[in-house]
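Quick note, this note's numbering runs 24 ahead of the 1-based positions in the sequence shown. Idealized CB from N, CA, C, for every residue including glycine. All values reported here derive from a predicted model rather than from experimental measurement. See structure below.
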Amino acid sequence: MLSKNEFGSDAAHARYRAVTEKCHELFLDEQRTNENKIISANNLGAFYKHVNRRLANNKDIGPLKDSQGNIIFSDKERANLLNTYFSGVCTSDNNVIPVLDSRNSNLLCDVSITSVSVFNALTKLKNGVAAGPDFLPAFLYKNLKHSIAYPLTLIFQSFFSVGTLPTIWRSAFVRPIFKKGVVSDPSNYRPISLTCVGCKVFERVIKDVLVYHLAKNNLITEQQHGFLAKHSTCTNLLEALNEWTLSLDVSTSVAVAYIDFSRAFDSVCHSKLLAKLKSFGISGNLLQIIKSFLSDRSQSTIVGDSLSDSLFMTSGVPQGSVLGPVLFVIYINDIVDIFSHCTPSLFADDLKLFIRVTNIDDFSILQDDLFALLEWSNSWQLCIAYKKCSVLSLGKITPLINFSIDSEVIPLCCSITDLGVTLDNKLNFSLHINSIVKVAHARANLIFRCFISKDVDCLSRAFITYVRPILEYCSPVWSPSTSTAINQIEAVQRRFSKRLSGFENCNYFERLVVLGWETLENRRLYADLVLCYKIIHGLVSISPDSIFILNNSSFNTRGHKFKLGIQHSNCNLRHNFFSIRIVPIWNELPAHVVEAVNLLMFKSLIKTCDFSKYCIVDLF
25 MLSKNEFGSD AAHARYRAVT EKCHELFLDE QRTNENKIIS ANNLGAFYKH VNRRLANNKD
85 IGPLKDSQGN IIFSDKERAN LLNTYFSGVC TSDNNVIPVL DSRNSNLLCD VSITSVSVFN
145 ALTKLKNGVA AGPDFLPAFL YKNLKHSIAY PLTLIFQSFF SVGTLPTIWR SAFVRPIFKK
205 GVVSDPSNYR PISLTCVGCK VFERVIKDVL VYHLAKNNLI TEQQHGFLAK HSTCTNLLEA
265 LNEWTLSLDV STSVAVAYID FSRAFDSVCH SKLLAKLKSF GISGNLLQII KSFLSDRSQS
325 TIVGDSLSDS LFMTSGVPQG SVLGPVLFVI YINDIVDIFS HCTPSLFADD LKLFIRVTNI
385 DDFSILQDDL FALLEWSNSW QLCIAYKKCS VLSLGKITPL INFSIDSEVI PLCCSITDLG
445 VTLDNKLNFS LHINSIVKVA HARANLIFRC FISKDVDCLS RAFITYVRPI LEYCSPVWSP
505 STSTAINQIE AVQRRFSKRL SGFENCNYFE RLVVLGWETL ENRRLYADLV LCYKIIHGLV
565 SISPDSIFIL NNSSFNTRGH KFKLGIQHSN CNLRHNFFSI RIVPIWNELP AHVVEAVNLL
625 MFKSLIKTCD FSKYCIVDLF
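Rendered as structure tokens:
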């Protein structure tokens, strides 16, 4: 204790600093001990939970503004404000069903719910799935799957036979997820529904049968890439860019309209969705159980420890459910039929329309299809978010008209983010590369600041999980061809590895060997080859002959039977595109590699091949 006379003296300050430093050292020791325990336990779940907690930004929702501009602070009031907003965006049914043609004569009215299908659905559950309004967590279902599969089967069969689900299964807790913009604006939050896990299991059984029916009868348009097997953001972008680069290679311009729908999942009109399901051949008890799943849904929003009052949802499919995404894909499916001239491309509700432009008049054709889009959106009550729409012009011919939807001008942009990849009007991806490198450097620096322990295994694992994916997302779409861009990306891994304890005096090659890493350039090359294998062997939705020149008797087949033809290109943009840059490397692969019986074996075999002559990164 400090006496009254000592308080404020230099000696007192020195003692205070000593005590403070000692407390800080004890805190650091405790943190270091905890991190080492996680590392030594080799528990990946605990490790990722720890890293997420250290790296994540503050997830608490800040003060919100209501419609009168008042600032709302309390958890309960903010929960009610958000829940009121989420329910307020629901669509009021106008009771007008547009004319629909039957798309399928094969009816699906019944689902065979067996113990095997229920057991498989339980197996697919993730332990981390949060409990819904019944407070029964996923790990309970999964750990008891051998015991409860049969009883659940009987329960599911009884629900299906009467075409009704329990009331609690039609309720949800909503977690607001901030998107972007002003944090005090409720419209900048996305509602993610936490539904009962038992309902998710039931939905999984129904979904598997429904998706099989859709695939078997080719009912879903080829332009849809969202929530479907063999489809992804990468396949969506690759197909579109293949068309665009082909056009630019022959000096034909391209105009692309990006369309955004306002609260698309929450705006689905139930009566119109049911009408579309009928046109797909869905009937009987299956249609009735889907109707029950959609009807009389209620939700409460969670903020902090408070739960809002429950409100009913008059439209929409719940985000976070198993069946919801498939139902939305069905709802928006026929939008591709309305376009006479433009080529549509979909990823769930993200729509882009593009048209080849040979003269100025072609831009008016795009405008005509935008008028058709407005008519469709009005008929099906799926509102367009005009302020989020834009047009990207590629090539030498630029539009002289202002594009519009419902008298709202759609701006002409120089760049746009398309499914996470930044595109500019030159398609050189420099903006995208600059962006991901900046984010990756920041994340790498954050890892060093967040960890007390300097354990190399811990830090390198964090880099692989939380930094590397930023630099590799959809890399076949934008993989750089210039040495400047290649080295710019590689610098993230080069710099991070040099900062690891004990690696300060090692060159890049030595650091990679000790860590068991590969250069990012090599990893992008592997990603290209893996995608090439998937396309040729039908493991993704892209048709091989739409992007490659396939093997035929007109050219040399020495090497292996999957050799691809060399495509001619007139510009670097096309020459550096995936479908051309990967062909020489693919054709030089040994026969036993490309003829691997499965993807896992192919991935293993290409790691034994030497690609050094295709790489430019300096390892020393």
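Which complete beta strand (DSSP E) runs does the stretch 326–411 hold, if anything under 3 residues is left out?
335–337, 367–371 and 374–381
So, are the CB atoms of Thr-276 and Thr-147 less than 8 angstroms apart?
Walking along the sequence shown from the start, residue 276 turns up at place 252. Walking along the sequence shown from the start, residue 147 turns up at place 123. Against a cut-off of 8 angstroms, the Cβ pair of Thr-147 and Thr-276 comes out as no contact.
Rounded to a whole number of angstroms, what is the C-alpha to C-alpha distance between Ser-663 and Tyr-557?
Because residue 663 is not part of the residues shown, which for the chain are 25 to 644, the question remains open.
Leu-406: which of Gly-589, Leu-375 and Leu-424 sits nearest, CA to CA?
Against the sequence shown, residue 406 aligns to sequence position 382. Looking at the Cα atoms, Leu-375 is the closest of the given residues.
I need the straight-line Cα distance from Asp-442 to Phe-572, nearest angstrom please.
Sequence index remark: in the sequence shown, residue 442 carries index 418 (1-based). Sequence index remark: in the sequence shown, residue 572 carries index 548 (1-based). The straight-line gap from Cα to Cα measures roughly 24 angstroms.
Buried or exposed (CB count within 10 angstroms, at least 16 for buried), Thr-632
Taking the first residue of the sequence shown as position 1, residue 632 is located at position 608. Exposed, since its Cβ has fewer than 16 Cβ neighbours within 10 Å.
Sufficient close CB pairs (3 or more, under 8 angstroms) joining the stretch 179–195 to the stretch 121–132
no
Could you tell me which whole alpha helix (DSSP H) segments of length 4 or greater appear in the stretch 219–254?
221–240
Ranges of the beta strand (DSSP E) found wholly within the stretch 423–470, counting only runs of at least 3:
427–429, 432–434, 439–442 and 445–448
Buried or exposed for Asn-529, going by 16 or more other Cβ atoms inside 10 Å?
Locating residue 529 in the sequence shown gives position 505, where the first residue counts as 1. Counting Cβ neighbours within 10 Å, Asn-529 comes out exposed, since fewer than 16 surround it.
What do you reckon, are the CB atoms on Thr-219 and Gly-156 nearer than 8 angstroms?
For the purposes of this step, residue 219 is identified with residue 195 of the sequence shown, where counting begins at 1. For the purposes of this step, residue 156 is identified with residue 132 of the sequence shown, where counting begins at 1. Yes, the pair counts as a contact, with Cβ atoms nearer than the cut-off.
Quick one: is Lys-300 buried, meaning 16 or more other Cβ sit within 10 Å of its Cβ, or exposed?
Looking up residue 300 in the sequence shown gives position 276. With 16 or more other Cβ atoms within 10 Å, it is buried.
How should Phe-51 be labelled, buried or exposed, when 16 other C-beta atoms within 10 angstroms of its C-beta is the threshold for buried?
Position 27 of the sequence shown, counted from the start, is the residue given in the question as residue 51. With a pLDDT of 48 at Phe-51, under the threshold of 50, the modelled position of this residue cannot be trusted; read the value that follows with caution. Exposed.
Using a threshold of 8 angstroms, state whether the C-beta atoms of Leu-539 and Ser-484 are closer than that.
Here residue 539 refers to the residue found at position 515 when the sequence shown is read from its first residue. Here residue 484 refers to the residue found at position 460 when the sequence shown is read from its first residue. Closer than 8 angstroms, so yes.
Would you mind giving the Cβ-Cβ distance between Leu-398 and Ile-429, rounded to the nearest angstrom? I have them listed as a contact below 8 angstroms.
By 1-based counting over the sequence shown, the position of residue 398 is 374. By 1-based counting over the sequence shown, the position of residue 429 is 405. That belief holds up - the Cβ atoms of Leu-398 and Ile-429 are roughly 5 angstroms apart, short of 8 angstroms.
With 16 as the cutoff for other CB atoms within 10 Å, does Asp-634 come out buried or exposed?
Locating residue 634 in the sequence shown gives position 610, counting from the first residue. By the neighbour-count definition (other C-beta atoms within 10 Å, threshold 16), Asp-634 is an exposed residue.
Please check the pair Gly-250 and Ala-409, which I expect to be a contact at CB under 8 angstroms, by giving their CB distance rounded to whole angstroms.
Taking the first residue of the sequence shown as position 1, residue 250 is located at position 226. Taking the first residue of the sequence shown as position 1, residue 409 is located at position 385. About 17 angstroms separates the two Cβ atoms, so there is no contact after all.
Under 8 angstroms, with one C-beta from each stretch per pair, do the stretch 311–318 and the stretch 198–218 reach the 3-pair mark?
Counting Cβ pairs under 8 angstroms, fewer than three are found: no touch.
Val-206 versus Asn-531 - alpha carbon distance
As a working mapping, residue 206 is identified with position 182 in the sequence shown. As a working mapping, residue 531 is identified with position 507 in the sequence shown. For Val-206 and Asn-531, the distance between alpha carbons rounds to 45 angstroms.
Can you grab the Cα-Cα spacing for the pair Thr-422 / Ile-384, in whole Å?
For the purposes of this step, residue 422 is identified with residue 398 of the sequence shown, where counting begins at 1. For the purposes of this step, residue 384 is identified with residue 360 of the sequence shown, where counting begins at 1. Each residue's Cα considered, the two are about 8 angstroms apart.
Of all the options Gly-444, His-584, Ser-291 and Asn-575, which has the alpha carbon lying nearest to the alpha carbon of Glu-612?
The residue given as residue 612 occupies position 588 in the sequence shown. Of the listed residues, the one whose Cα sits closest to Glu-612 is His-584.
Pull up the distance between the alpha-carbon of Gly-13 and that of Ile-604, whole angstroms please.
The structure shown has nothing for residue 13, since the chain only spans 25 to 644.
DSSP bridge partner residues for Ala-196 (one or two, in chain order)
For the purposes of this step, residue 196 is taken as residue 172 along the sequence shown, with counting starting at 1. According to DSSP, which records beta bridges pairwise, Ala-196 is partnered with Gln-323.
For Ser-291, which residues of its own chain have a beta-carbon under 8 angstroms away from its beta-carbon, when the five flanking residues on both sides are left out?
Looking up residue 291 in the sequence shown gives position 267. Closer than 8 angstroms at Cβ, skipping near neighbours: Val-113, Cys-114, Thr-115, Phe-285, Ser-339, Gly-340, Gln-405, Leu-406 and Cys-407.
May I ask which residues mark the beginning and end of the alpha helix (DSSP H) holding Leu-597?
Start at 1 with the first residue of the sequence shown, and residue 597 comes out as number 573. Element bounds for Leu-597: 596–599.
Measuring alpha carbon to alpha carbon, tell me which of Gln-312, Leu-544, Ile-326 and Asn-596 ends up nearest Ser-98.
By 1-based counting over the sequence shown, the position of residue 98 is 74. Minimum Cα distance to Ser-98 is reached at Ile-326.
Suppose you measure from the CA of Ala-253 to the CA of Val-564; what does that come to, to the nearest Å?
Counting from 1 along the sequence shown, the entry for residue 253 is found at position 229. Counting from 1 along the sequence shown, the entry for residue 564 is found at position 540. Ala-253 and Val-564: Cα-Cα distance of roughly 8 angstroms.
Could you check what DSSP says for Gly-112 in three-state terms: helix, strand or coil?
Position 88 of the sequence shown holds residue 112. Helix, per DSSP.
Decide if the stretch 520–528 is in contact with the stretch 480–498; the criterion is three or more beta carbon pairs, one per stretch, under 8 angstroms apart.
yes
Local Cβ density within 10 Å of Leu-623, reported as buried at 16 or more and exposed below that
Here residue 623 refers to the residue found at position 599 of the sequence shown. Burial call: exposed.
Taking C-beta to C-beta, are Ile-457 and Glu-263 nearer than 8 angstroms?
Sequence index remark: in the sequence shown, residue 457 carries index 433 (1-based). Sequence index remark: in the sequence shown, residue 263 carries index 239 (1-based). No.
If you follow the alpha helix (DSSP H) that Tyr-550 is in, where does it begin and where does it stop?
Counting from 1 along the sequence shown, the entry for residue 550 is found at position 526. Where Tyr-550 is concerned, the enclosing alpha helix (DSSP H) stretches over 544–560.
For the pair the stretch 358–366 and the stretch 215–230, tell me if three or more CB-CB distances fall below 8 angstroms.
no
With 16 other CB atoms within 10 Å as the buried threshold, where does Phe-395 fall?
For this step, residue 395 is matched to residue 371 along the sequence shown. So Phe-395 counts as exposed.
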